[in-house]
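Participant: To start, I am sharing the structure in question, which I have written as structure tokens.
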Amino acid sequence: MKIIKTQVLTLAVLLLMFSCGKNDKNVLTLKSPDGKTAVTFTLDEGKAYYSVSKSGERILNPSRLGFMLTDNDSLCANFEIIGTKTDSKDETWQQVWGEEIDVRNHYNELIVNLQEKTGKKRLLNIIFRTFDDGIGFRYDFPRQENLTEFEIADELTEFALANDDSIWSQHLFDRDYEQLYTKRKISEIADTVSTPVTIETADGRYIAIHEAELVDFAKMNLYLPLTSANSRSGKLKADLTPWSSGIKVYAHTPFVSPWRTIILADNLNDLVNSRLMLNLNESCKIIDTQWITPTKYIGIWWGMHLEKYSWVQGAKHGATTENMKQYIDFAAANGFGGVLVEGWNIGWEGYMVGNGEFFRFAQPYPDFDIEEVSSYAADKGVEMIGHNETAGAITNYENQLDSAFRFANKYGIHSIKTGYVNPLLDGKERHSSQYGVRHYRKVVETAAKFQVMIDTHEPIMPTGWQRTYPNLMSQEGTRGQEWDAWSTDGGNPPEHSTILPFTRALAGPIDFTPGTFNFTNPVHPQTRVQTTIAKQLALYVVIYSPLQMASDLPENYENCPNFEFIRIVPVDWQKSIILDGKIGDFVVTARKDKHSDDWYLGAITDENARNLKLQLNFLDKDKKYTAKIFGDAPDADWKTKPSAVEITETEIDANSVLDLHLATSGGAAIQFKAQK
Ligand code: NOJ
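Per my numbering, the very first residue in the sequence shown carries number 1485; after that it's consecutive.
Put into structure tokens, the structure is as follows:
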């Protein structure tokens, strides 16, 4: 990613901070560049708080800052302010891939230097950044004599929302973030939830809480603590994922926490187009990014989830040389860049009993001839996407990391899907603990050295690292489409994909694996894909990923006219717009292709059919387009007639209005081809 404009304004012209209140010097306010968003830092009897407002309206009441260290050692009181510093930046940088090309990073910054007044007189800095679309803050523990090695027992950060609004959140099931999102009042939260959480205010605005640049810390989750009166406090509080020792973070000064982030958006378009988390990560560390190539892929994969194939060797083994060659042929014939292959390497017998120690990441099974497959793929201009399932045995994986990537380099493999199917890593640590965070980062950094792109399943929730390491292409971290093949609860409900763009997707791209055309699985008749085919197509626009899978078996795509949309839809964009939507009900997303003047649109709905009237004024004003619409037929219905798709063509321009009918759990996928 290249910075194309940098402007650092001098402190003198900023006049960002002002003091107010009875204890003037202990109240500091930092406003966003447009002056609308303000964060106020307050030191009250030695304790640190921040509050947030927008356009004069309170968003967060005073919320506690600080830490408890182990041995009941508090680093949260007895402070005085010993210094402050302000700064500002306005730069525009370009993404290697993404939902838009140019990203503006425009913020004001305030650093508050705190010191304990007595005792060890330890130092703690709090860094605030205000953007027009929200705020970020982090803790900075400077190098100092009385704080060298330390252990964090608890992070005290609170998010004391001013109103008891509705919140979309996912219950924390630490391994993989594969729970359904629910909507409830903030005061009804009685469990621990994972971020991002998205709050819908009574007057239709949005607040999303998450974090950025989680590199060597524990993941932040949220809960609502009980007060002494046994009622909930109303203040969401950080709940860091612990190590098995119970300690949250092992640290050594100098040390920084990740950024705590709060997006403030007046509408869904602003929410989804906030790049706050990316902006709070370091700029790109990869100098030559030519090898990082977004693409679509198919895979020897869905067959395993349907139990048509097996990962292990045997009569049903999916990853055979012959099978792989057929998939490569299909990919080449349809312009797909990659073929994912799972079950190609030694160790799956262990996986079947939850043991990843037997995985060998450079040793194919005997019926998978890697020499033959890789030269066949190269001849056809298709790449094999490798698969490194670890079953959570990460020491085993780390010991083989270099050889795994060297193997990839040798056989022309530039993308690897990693996997961590196990509730614990190395049998003891949780995925989103500091132990896990360090591992996931190490894999991405090592992969970058070997020019390998990564797609992680069972990840920790993304926090914007893809700015620094854009070889981190996509991540699961959601209840993806594979659940529809075997889930005991019947599959992902129709509203699921209308929630994801405004919750999980704020954190980063999702490897959702859409594109299933055959909705049932004879082996698990209790479940199915709960959409129409037109909705499956629309998901390619609605749910963003630079690596986008066509999940179904090739035979279900052969001779199917609907497959054309999957073939033509791009995976990399100039810009993206939410045209309409309501979280949990429906979404209409338009995106402009990065490499042409063409636009694409995806509209999806929940269990309710709906008719939409779309103003096409987002299209380029000076152009005429041929719109190819893959929409639900009038009698389509996800339960009774999911495959009823009508493909129509019409000439339109930016003044046109388009009427769309979406069936129950239906959708529409549209290509707007610019006329020459
Ligand atoms: C779970 C992943 O999400 C899925 O895509 C993969 O096929 C299996 N693990 C096996 O690694």
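Heads up, the beta-carbon is just placed ideally off N, CA and C, and yes, glycines get one too.
Keep in mind that this is a model prediction, so the values were computed, not measured.
Please check the pair Lys1912 and His1941, which I expect to be a contact at CB under 8 Å, by giving their CB distance rounded to whole angstroms.
Facilitator: Against the sequence shown, residue 1912 aligns to sequence position 428. Against the sequence shown, residue 1941 aligns to sequence position 457. So it is not a contact: roughly 21 Å between Cβ atoms.
Participant: For my contact list, Trp1828 and Phe1845 are in at a C-beta cut-off of 8 Å; report their separation, rounded to the angstrom.
Facilitator: For the purposes of this step, residue 1828 is identified with residue 344 of the sequence shown, where counting begins at 1. For the purposes of this step, residue 1845 is identified with residue 361 of the sequence shown, where counting begins at 1. That belief does not hold up - the Cβ atoms of Trp1828 and Phe1845 are roughly 10 Å apart, past 8 Å.
Participant: Please report the Cβ distance between Pro2126 and Phe1986, rounded to the nearest whole angstrom; I am assuming they are in contact, meaning their Cβ atoms lie under 8 Å.
Facilitator: Taking the first residue of the sequence shown as 1, we reach residue 2126 at position 642. Taking the first residue of the sequence shown as 1, we reach residue 1986 at position 502. Between Phe1986 and Pro2126 the Cβ distance is about 25 Å, and since that is not below 8 Å, they are no contact.
Participant: Along the chain, where does the alpha helix (DSSP H) containing Tyr1924 start, and where does it finish?
Facilitator: Numbered from its first residue, the sequence shown carries residue 1924 at position 440. Run containing Tyr1924: 1918-1933, per the alpha helix (DSSP H) assignment.
Participant: Apart from the five residues on each side of it in sequence, which residues of its chain come closer than 7 Å, Cβ to Cβ, to Asn1807?
Facilitator: On the sequence shown, residue 1807 is found 323 positions in, with the first residue counted as 1. For Asn1807, where only same-chain residues beyond five positions count, the Cβ hits under 7 Å are Ile1784.
Participant: Which residues share a DSSP beta bridge with Leu1706?
Facilitator: As a first step, residue 1706 is located in the sequence shown; it is residue number 222 there, counting from the start. DSSP output for Leu1706 lists Val1677, Ala1722 as bridge partner(s).
Participant: From the DSSP output, which residues share a beta bridge with Met2033?
Facilitator: Counting from one through the sequence shown, the residue named residue 2033 turns up at place 549. The partner list for Met2033 (beta bridge, DSSP) reads Tyr1781.
Participant: Evaluate the contact criterion for the region 1830-1846 versus the region 1792-1807: three or more CB pairs, one atom per stretch, below 8 Å.
Facilitator: Touching, yes, given that three or more Cβ pairs across the two stretches are closer than 8 Å.
Participant: Under 7 Å: does the beta carbon of Gly1903 sit that close to some heavy atom of the ligand NOJ?
Facilitator: As a position in the sequence shown, residue 1903 is number 419, starting the count at 1. Yes.
Participant: For Trp1785, verify whether its CB is less than 7 Å away from any heavy atom of the ligand NOJ.
Facilitator: The residue you call residue 1785 lines up with position 301 of the sequence shown. Yes, the beta carbon of Trp1785 sits closer than 7 Å to at least one heavy atom of the ligand NOJ.
Participant: Which same chain residues, not among the five before or five after Glu1929, have their C-beta less than 8 Å away from its C-beta?
Facilitator: In the sequence shown, counting from the first residue as 1, residue 1929 sits at position 445. Answer for Glu1929: Tyr1953, listed in chain order.
Participant: Curious, which full-length alpha helix (DSSP H) runs of at least 4 residues does the region 1820-1894 contain?
Facilitator: If we require 4 residues or more, the alpha helix (DSSP H) runs fully inside the region 1820-1894 come out as 1832-1835, 1854-1864, 1878-1894.
Participant: Taking 7 Å as the cut-off, is the C-beta of Leu1761 nearer than that to any heavy atom in the ligand NOJ?
Facilitator: The residue labelled residue 1761 in the question sits at position 277 within the sequence shown. First, the amino acid is wrong: residue 1761 is Met here, not Leu. No, since every heavy atom of the ligand NOJ falls outside the 7 Å radius drawn around the Cβ of Met1761.
Participant: What did DSSP end up calling Ala1969 once you bin it into helix, strand or coil?
Facilitator: In the sequence shown, the residue the question calls residue 1969 occupies position 485. The answer is helix: DSSP assigns Ala1969 an H, G or I state.
Participant: Beta-carbon within less than 8 Å of Ser1671's beta-carbon, same chain only, minus the 5 sequence neighbours each way: which residues are those?
Facilitator: If you number the sequence shown from 1, residue 1671 lands on position 187. Only Asp1648, Leu1708, Arg1716, Gly1718 meet the Cβ criterion.
Participant: Would you check if there are 3 or more beta carbon pairs closer than 8 Å linking the region 2146-2156 to the region 2095-2115?
Facilitator: Result yes; three or more Cβ-Cβ pairs closer than 8 Å.
Participant: Please determine whether the Cβ atom of His1941 lies at a distance below 7 Å from any heavy atom of the ligand NOJ.
Facilitator: As a first step, residue 1941 must be located in the sequence shown, where it is residue number 457. Yes, the ligand NOJ has a heavy atom inside 7 Å of this Cβ.
Participant: DSSP beta-bridge partners for Ala1522?
Facilitator: Within the sequence shown, the letter at position 38 stands for residue 1522. Lys1515, Ser1537.
Participant: Taking only heavy atoms of the ligand NOJ into account, decide whether any of them is closer than 7 Å to the Cβ of Met2033.
Facilitator: For the purposes of this step, residue 2033 is taken as residue 549 along the sequence shown, with counting starting at 1. Not under cutoff, so the answer is no.
Participant: Nearest CA to the CA of Lys1926: which residue from Glu1882, Met1957, Val1905, Pro1943?
Facilitator: Position 442 of the sequence shown, counted from the start, is the residue given in the question as residue 1926. Closest by alpha carbon: Glu1882.
Participant: Just to confirm the assignment, what range does the alpha helix (DSSP H) spanning Glu1806 have?
Facilitator: Numbered from its first residue, the sequence shown carries residue 1806 at position 322. That run of the alpha helix (DSSP H) goes 1805-1817.
Participant: Within a Cβ cutoff of 6 Å, which residues of the same chain sit near Phe1525, ignoring the five residues on either side of it in sequence?
Facilitator: Looking up residue 1525 in the sequence shown gives position 41. Contacts found: Leu1512, Tyr1534, Val1596.
Participant: With a threshold of 8 Å, are at least 3 pairs of Cβ atoms found where one atom belongs to the region 1570-1579 and the other to the region 2024-2044?
Facilitator: No, because fewer than three Cβ pairs between the region 1570-1579 and the region 2024-2044 fall closer than 8 Å, the two stretches do not touch.
Participant: To the nearest angstrom, report how far apart Ile1731 and Asp2104 are at their CA atoms.
Facilitator: Position 247 of the sequence shown, counted from the start, is the residue given in the question as residue 1731. Position 620 of the sequence shown, counted from the start, is the residue given in the question as residue 2104. The straight-line gap from Cα to Cα measures roughly 55 Å.
Participant: Is any heavy atom in the ligand NOJ found nearer than 7 Å to the beta carbon of Met1836?
Facilitator: Counted from its first residue, the sequence shown places residue 1836 at position 352. No, the Cβ of Met1836 stays beyond 7 Å of every heavy atom of the ligand NOJ.
Participant: By a C-beta neighbour count over all protein chains shown, 10 Å radius and 16 as the cutoff for buried, is Leu1710 buried or exposed?
Facilitator: As a first step, residue 1710 must be located in the sequence shown, where it is residue number 226. Its Cβ having fewer than 16 others within 10 Å, Leu1710 is exposed.
Participant: When the Cα atoms are used, what is the spatial distance from Leu1608 to Leu1640?
Facilitator: Taking the sequence shown and counting its residues from 1, one reaches residue 1608 at position 124. Taking the sequence shown and counting its residues from 1, one reaches residue 1640 at position 156. The alpha-carbon atoms of Leu1608 and Leu1640 are separated by roughly 14 Å.
Participant: Report all residues from its chain with a CB closer than 7 Å to the CB of Arg1689; omit the five preceding and five following residues, and keep chain order.
Facilitator: Translated into positions along the sequence shown, residue 1689 becomes position 205. So the list reads Ala1749, Asp1750, once near-sequence residues are dropped.
Participant: Do you know how far the Cα of Asn1839 is from the Cα of Asn1753?
Facilitator: On the sequence shown, residue 1753 is found 269 positions in, with the first residue counted as 1. On the sequence shown, residue 1839 is found 355 positions in, with the first residue counted as 1. Computed Cα separation, rounded: 44 Å.
Participant: Quick check: the Cα distance between His1590 and Arg1988, rounded to an integer number of angstroms?
Facilitator: Here residue 1590 refers to the residue found at position 106 of the sequence shown. Here residue 1988 refers to the residue found at position 504 of the sequence shown. When rounded, the distance between both Cα atoms is 24 Å.
Participant: Pull up the distance between the alpha-carbon of Asn1872 and that of Trp1786, whole angstroms please.
Facilitator: Within the sequence shown, residue 1872 is the residue found at index 388, counting from 1. Within the sequence shown, residue 1786 is the residue found at index 302, counting from 1. In a straight line, the C-alpha of Asn1872 is about 17 Å away from that of Trp1786.
Participant: Out of Leu2021, Glu2039, Tyr2028, Val1699, point me to the one whose CA is closest to Arg1922's CA.
Facilitator: Working through the sequence shown from its first residue, we reach residue 1922 at position 438. If we check each option's Cα against that of Arg1922, Val1699 comes out closest.
Participant: Measure the alpha-carbon distance for Asp1863 versus Phe1643 and round it to whole angstroms.
Facilitator: Numbered from its first residue, the sequence shown carries residue 1863 at position 379. Numbered from its first residue, the sequence shown carries residue 1643 at position 159. Answer to the nearest angstrom: the Cα atoms are 56 Å apart.
Participant: What separation, rounded to the nearest whole angstrom, lies between the Cα atoms of Tyr1665 and Phe1625?
Facilitator: Here residue 1665 is taken as the residue at index 181 of the sequence shown, counted from 1. Here residue 1625 is taken as the residue at index 141 of the sequence shown, counted from 1. Distance between the alpha carbons of Tyr1665 and Phe1625 is about 35 Å.
Participant: Go through the region 2020-2099 residue by residue and report every complete run of the beta strand (DSSP E) that reaches 3 residues or more, in order.
Facilitator: List check, beta strand (DSSP E) in window: 2031-2033, 2057-2066, 2070-2077, 2083-2089, 2094-2099.
Participant: Can you say whether Ser2080 is buried or exposed, counting buried as having 16 or more other CB atoms within 10 angstroms of its CB?
Facilitator: Position 596 of the sequence shown holds residue 2080. Ser2080 comes out exposed.
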